[in-house]
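A.B. asks:
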Amino acid sequence: MAGSVIAHAEIDALQQLRSADANRTSYYLYSIVEPCPLCCGAIYQSGIKGLYFAAPDSYAGNTSVFGKTPALSRRNVEVYGPYPSIGAAC
Numbered sequence: 504m505a506g507s508v509i510a511h512a513e514i515d516a517l518q519q520l521r522s523a524d525a526n527r528t529s530y531y532l533y534s535i536v537e538p539c540p541l542c543c544g545a546i547y548q549s550g551i552k553g554l555y556f557a558a559p560d561s562y563a564g565n566t567s568v569f570g571k572t573p574a575l576s577r578r579n580v581e582v583y584g585p586y587p588s589i590g591a592a593c
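Residue numbers (the numbering used here): 504 to 593.
(1) Given this structure, state the Cα-to-Cα distance separating A563 from P540, to the nearest angstrom.
(2) What does G553 pair with, by DSSP beta-bridge criteria?
(3) Going by DSSP, which residues form a beta bridge with V536?
(4) Determine the direct distance from the alpha carbon of P587 to that of V536, and round the result to whole angstroms.
(5) When DSSP labels each residue in this structure, what does I509 get in the three-state scheme?
Here is the structure:
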């Protein structure tokens, strides 16, 4: 996806998951910044358990959408953040 307009770090990480990986429902994604709408949709569709993020994004952050729309309410996505200490560890 290098050079693509949809090449976001979260999507790049999720693309590395194998579709046959039965453990994906126990995986968490760690992000420095609160994911945008595109990445939140990808996180939901990936089937991972949840997300940790370090810093809120007042412009494009969209984690509040989980569980708020019919399309994103069929399963729970755990969201934890902001946690500034995650960013400091990176």
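All C-beta atoms, glycine included, are put in the ideal place defined by N, C-alpha and C.
C.D. replies: On the basis of the coordinates in this document:
(1) One-based indexing of the sequence shown puts residue 563 at position 60. One-based indexing of the sequence shown puts residue 540 at position 37. For A563 and P540, the distance between alpha carbons rounds to 7 Å.
(2) Here residue 553 corresponds to residue number 50 of the sequence shown, with the count starting at 1. Looking at the DSSP assignment, G553 forms a beta bridge with Y531, E581.
(3) Numbered from 1 along the sequence shown, position 33 holds the residue referred to as residue 536. Bridge partners of V536: A558.
(4) Translated into positions along the sequence shown, residue 536 becomes position 33. Translated into positions along the sequence shown, residue 587 becomes position 84. Rounded to the nearest angstrom, the two C-alpha atoms are 10 Å apart.
(5) Counting from 1 along the sequence shown, the entry for residue 509 is found at position 6. The answer is coil: DSSP assigns I509 none of H, G, I, E or B.
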